Amino acid sequence: MDKRGQGYAIDMLVFALMVALACSILIKATPNEPNTLNDRYAANLATSVLQTLQQVTAGEVGGFKYKPDILGLQVPWSSGERDLRYKTLAQLLVEDMLCNLRVEVSGRDILPLKSNQEFDRQVRKFLKATLDEIVGGRFDYRLVARTNPIDLSPAARVHFETSIESFSDNGRIQACSETILMCLPITQQELRSSIQDVYSITNLRLEPETMVEIILSLWSK
Amino acid sequence: MEQLQLGEDLFATIIVVGLTTLLIITLAHFYHGFARRKNMYESFDLALDIAGQLRDDVLARHDNGVFPGLINPMTSEWELQSYSQVLSRQGIGLSIEVRGIDGKIFLAYGTKTNIIDQYFSPPCSVSLPVAISQTQASKSLGELIVTVWR
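So the protein lines, in turn, are chains S and F.
For the first sequence, the working numbering begins at 1 and goes up steadily by one.
For the second sequence, the working numbering begins at 1001 and goes up steadily by one.
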């Protein structure tokens, strides 16, 4: 190989280097970021799940029954099990809120307004099983349900917050978070009298409708 | 700039031609991978949009209104056909399946692509959980599977 031939070979090596560079750029380059698509799918899935919770009746996912209790004790005069198969999953969650509203004084929970812990336990177990089936295989999830706090006095308020999750938070980046709003299935008058039954507050001012926020957040597995 | 003169150095020429061919094949291979990935992402994006429209509108029409997320398994063939025709005018093929959690198929529409079509334009599927309206009081859990291809 003479000097000119060596020159051509070196030119080709430089060319090869440029092509290798182009290939590596093509490997890295994607038209849409996969993470963006994953987040879009997660948002769509979360919306679907929240819509499904509002529509599917408990009877269609195995049925829902529980024995009423007050502060962890069975109610002796109760007729037995309550069968709520005709309620939607979201209605069960909202009813759980209503049955387990908590009173907080100076940032500390003191006692539930009218506790029904067995119902709370059963609803959480039931919803977790359903969410595991719908979402569990694809994403990690956290479902948070909470009411807007109702102020009884500057220091005291009535509220409810619960969360059902499939994992412990370890600082991963959240894929999406979707929210729906529902109303507590109780009139302002009924809510006022149920609070006043326990606490003698005369000038209790309530919002026209107490809203419930149901938030579903998803994390990639 | 010097011209490449064939025959001047046979060994150098063979190296030049061999390397060029190899590099062009490599580049073509990577470009094919890039184009396939691009196509897959676009199809998935499209499938997500179509699944959302079907879930919230086309399949959610009931006698008493539209209920997003609640699938009407009695949706008429005509409605699905007219929606599918709008897509096919844009060169998009569509197949829909709604099945319960037990695997029972409540609604199926569209044809599957054959193997040759799948090679040139691989289909892309999206599945979303939905509620299926069976009776006024009973709404079961199910899955909407949408497959699209170009």
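All C-beta atoms, glycine included, are put in the ideal place defined by N, C-alpha and C.
If you're wondering where the values come from, they're calculated on a predicted model, not measured in any experiment.
Next on the checklist: Give me the chain S residues within the contact set of R1055 (chain F), using Cβ-Cβ distance strictly less than 8 angstroms, ordered along the chain.
Outcome noted: In the second sequence, counting from the first residue as 1, residue 1055 (chain F) sits at position 55. Neighbours of R1055 (chain F) on chain S, chain order: S48, Q51.
Next on the checklist: Applying the 10 Å Cβ sphere with the 16-neighbour rule, what's the burial state of P185 (chain S)?
Outcome noted: Within the first sequence, the letter at position 185 stands for residue 185 (chain S). With fewer than 16 other Cβ atoms within 10 Å, it is exposed.
Checklist entry - At a cut-off of 6 angstroms, is Y1041 (chain F) close to the ligand ATP when judged by its beta-carbon and the heavy atoms of the ligand? => result Questions concerning the ligand ATP fall outside what the structure shown contains, since it holds no ligand whatsoever.
Checklist entry - How would you call I1115 (chain F), buried or exposed, if buried means at least 16 neighbouring beta carbons within 10 angstroms? => result Reading the second sequence from its first residue, position 115 is the one you call residue 1115 (chain F). Label assigned to I1115 (chain F): exposed.
Item to check | For M1074 (chain F), the three-state DSSP class (helix, strand or coil) | outcome: Here residue 1074 (chain F) corresponds to residue number 74 of the second sequence, with the count starting at 1. In the three-state reduction of the DSSP assignment, M1074 (chain F) falls in the coil class.
Next on the checklist: Determine, for N38 (chain S), whether the minimum Cβ-Cβ distance to residues of chain F falls below 7 angstroms.
Outcome noted: Here residue 38 (chain S) corresponds to residue number 38 of the first sequence, with the count starting at 1. By this cut-off, N38 (chain S) is not an interface position.
Checklist entry - Tell me the DSSP bridge mates of T147 (chain S)? => result To locate residue 147 (chain S), count along the first sequence from 1; it is residue 147. The partner list for T147 (chain S) (beta bridge, DSSP) reads S:V212.
Checklist entry - Thinking C-beta only, is Q55 (chain S) closer than 7 angstroms to L1070 (chain F)? => result Indexing the second sequence from 1 puts residue 1070 (chain F) at position 70. Indexing the first sequence from 1 puts residue 55 (chain S) at position 55. Closer than 7 angstroms, so yes.
Next on the checklist: DSSP has G1185 (chain F) in a bridge; who is on the other side?
Outcome noted: Outside the shown range of chain F, which is 1001 to 1150, sits residue 1185 (chain F), and nothing can be said about it.
Checklist entry - Can you find a C-beta in chain F that's less than 7 angstroms from the C-beta of I134 (chain S)? => result As a working note, residue 134 (chain S) is residue 134 in the first sequence. Answer yes: the Cβ-Cβ gap between I134 (chain S) and chain F drops below 7 angstroms somewhere.
Next on the checklist: Let me see if you follow: with CB-CB separation under 7 angstroms, is L1019 (chain F) close to chain C or not?
Outcome noted: Included in the structure are the protein chains S and F, with no chain C among them.
Item to check | Those residues which DSSP pairs with R157 (chain S) across a bridge | outcome: Locating residue 157 (chain S) in the first sequence gives position 157, where the first residue counts as 1. DSSP, once it has assigned bridges, lists S:E104, S:D151 as partnering R157 (chain S).
Checklist entry - In terms of residues, what are the limits of the beta strand (DSSP E) holding L1107 (chain F)? => result The residue given as residue 1107 (chain F) occupies position 107 in the second sequence. Where L1107 (chain F) is concerned, the enclosing beta strand (DSSP E) stretches over 1105-1109.
Next on the checklist: Can you check whether the C-beta of F1044 (chain F) is within less than 7 angstroms of a C-beta belonging to chain S?
Outcome noted: Residue 1044 (chain F) sits at position 44 when you count from the first residue of the second sequence. At least one chain S Cβ lies under 7 angstroms of F1044 (chain F).
Checklist entry - In whole angstroms, what is the alpha-carbon distance linking R146 (chain S) and S1076 (chain F)? => result Within the first sequence, numbered from 1, the residue matching residue 146 (chain S) stands at position 146. Within the second sequence, numbered from 1, the residue matching residue 1076 (chain F) stands at position 76. Cα-Cα distance, rounded: 40 angstroms.
Checklist entry - Thinking C-beta only, is V105 (chain S) closer than 7 angstroms to A155 (chain S)? => result The sequence position of residue 155 (chain S) within the first sequence is 155, counting from 1. The sequence position of residue 105 (chain S) within the first sequence is 105, counting from 1. In this structure, A155 (chain S) places its C-beta atom within 7 angstroms of the C-beta atom of V105 (chain S).
Checklist entry - Does the count of Cβ pairs from the region 96-104 of chain S and the region 160-169 of chain S closer than 8 angstroms reach three? => result yes
Checklist entry - Looking at the structure shown, is T47 (chain S) part of a helix, part of a strand, or coil, going by DSSP? => result Numbered from 1 along the first sequence, position 47 holds the residue referred to as residue 47 (chain S). Looking at T47 (chain S) - three-state DSSP - the assignment turns out to be helix.
Checklist entry - Grouping DSSP H, G and I as helix and E and B as strand, with all else coil, what is S1121 (chain F)? => result As a position in the second sequence, residue 1121 (chain F) is number 121, starting the count at 1. Three-state result, S1121 (chain F): coil.
Checklist entry - Can you list the residues of chain S that K1104 (chain F) reaches, using a CB-CB cut of under 7 angstroms? => result As a working mapping, residue 1104 (chain F) is identified with position 104 in the second sequence. What K1104 (chain F) touches in chain S: nothing, since even the nearest Cβ is about 12 angstroms away.
Item to check | Counted within 10 angstroms of its Cβ, other Cβ atoms place C183 (chain S) as buried (16 or more) or exposed | outcome: Here residue 183 (chain S) refers to the residue found at position 183 of the first sequence. Classification for C183 (chain S): exposed.
Checklist entry - Taking C-alpha atoms, which residue in S:Q117, S:S166, S:V103, S:T187 lies nearest to E133 (chain S)? => result As a position in the first sequence, residue 133 (chain S) is number 133, starting the count at 1. When each option's Cα is compared against that of E133 (chain S), the closest is S:S166.
Checklist entry - How would you list, in chain order, the residues of chain S whose beta-carbon sits under 7 angstroms from the beta-carbon of P1123 (chain F)? => result On the second sequence, position 123 is the one that residue 1123 (chain F) refers to. Chain S residues near P1123 (chain F): none, gap ~16 angstroms exceeds 7 angstroms.
Item to check | Within 8 angstroms of chain F by C-beta, residues of the region 57-68 of chain S in sequence order | outcome: T57, G59, E60, V61
Checklist entry - Can you tell which of S:L218, S:L84, S:N116, S:I25 has the C-alpha that lies nearest to the C-alpha of I173 (chain S)? => result For the purposes of this step, residue 173 (chain S) is identified with residue 173 of the first sequence, where counting begins at 1. Closest option to I173 (chain S), Cα to Cα, is S:L218.
Next on the checklist: Under 7 angstroms, Cβ to Cβ, is there at least one residue of chain S near P1073 (chain F)?
Outcome noted: On the second sequence, residue 1073 (chain F) is found 73 positions in, with the first residue counted as 1. Chain S contact via Cβ: absent.
Checklist entry - What does S1140 (chain F) touch in chain S if you count any residue whose Cβ is under 7 angstroms from its own? => result Indexing the second sequence from 1 puts residue 1140 (chain F) at position 140. The contacting residues are V56, E60.
Checklist entry - Contact check, L1094 (chain F) vs N44 (chain S) under 8 angstroms by CB: the rounded distance? => result For the purposes of this step, residue 1094 (chain F) is taken as the residue at position 94 of the second sequence. For the purposes of this step, residue 44 (chain S) is taken as the residue at position 44 of the first sequence. That pair is no contact at about 17 angstroms.
Checklist entry - So, using beta-carbon positions, are I215 (chain S) and V144 (chain S) closer together than 7 angstroms? => result Your numbering for residue 215 (chain S) matches position 215 in the first sequence. Your numbering for residue 144 (chain S) matches position 144 in the first sequence. Going by C-beta atoms, I215 (chain S) is nearer than 7 angstroms to V144 (chain S).
Checklist entry - Under the DSSP definition of a beta bridge, which residues are partnered with H1062 (chain F)? => result As a position in the second sequence, residue 1062 (chain F) is number 62, starting the count at 1. Note: H1062 (chain F) sits in a beta bridge opposite F:G1065.
Checklist entry - For G1093 (chain F), does the three-state DSSP call read helix, strand or coil? => result On the second sequence, residue 1093 (chain F) is found 93 positions in, with the first residue counted as 1. It is a strand residue.
Item to check | Contacts of C176 (chain S) in chain F (Cβ-Cβ under 8 angstroms) | outcome: Taking the first residue of the first sequence as position 1, residue 176 (chain S) is located at position 176. Near C176 (chain S) there are no residues of chain F at all, since even the closest Cβ is about 13 angstroms away, more than 8 angstroms.
Next on the checklist: Taking the alpha helix (DSSP H) that L98 (chain S) belongs to, which residues open and close that run?
Outcome noted: Position 98 of the first sequence, counting from 1, holds the residue named residue 98 (chain S). It spans 89-99 - the alpha helix (DSSP H) in which L98 (chain S) sits, taken as one unbroken run.
Checklist entry - Checking contacts by CB at 7 angstroms: is I1145 (chain F) closer than that to chain S? => result The residue given as residue 1145 (chain F) occupies position 145 in the second sequence. Chain S, which has no Cβ nearer than 7 angstroms to the Cβ of I1145 (chain F), makes this no.
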